[in-house]
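Inspection log for the structure reproduced underneath, given as structure tokens.
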């Protein structure tokens with residue numbers, strides 16, 4: 042299991058997250074950028090956001106939220122498959138316990 046990241050401290054300000062594109066400490070949501078696999082709002086720093094907007098650096102589908110990266114999910118299809126598998130496993134456990142028919 043990965044160790045829990047420690048928050049970055051700069052000038053007595055604690056930054057809890059990091060930019061999903063360049064990994065620098067960042068904890069503000071900007072624009073309407075979302076994780077391309079799960080749809081949660083993305084943490085993108087000002088510099089990466091502007092570079093993408095101005096066409097200097099394209100933020101592609103590889104820029105995903107920490108959870109999708111950690112779980113190795115690379116597409117919405119894969120996310121739906123994993124969710125369905127977890128639901129089926131849960132239902133099977135509940136049936137074994139006699140809580141579902």
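In our numbering, the protein residues as written are 42 to 142.
C-beta atoms are modelled at their ideal positions from N, C-alpha and C, and glycine is treated no differently.
Bounding residues of the alpha helix (DSSP H) (the contiguous stretch that carries residue 134): Start and end: 117-137.
Classify residue 84: buried if its beta carbon has 16 or more other beta carbons within 10 angstroms, exposed otherwise. Burial call: buried.
Might you give, ordered along the chain, the residues of its own chain that have their beta carbon closer than 7 Å to the beta carbon of residue 81, omitting 5 neighbours on each side? 75, 106
Taking buried to mean at least 16 other C-beta atoms within 10 Å of its own C-beta, is residue 104 buried or exposed? Looking at its Cβ environment, which holds 16 or more other Cβ atoms inside 10 Å, residue 104 is buried.
Inter-stretch contact at 8 Å, needing at least 3 Cβ pairs: the segment 57-76 / the segment 85-102: yes
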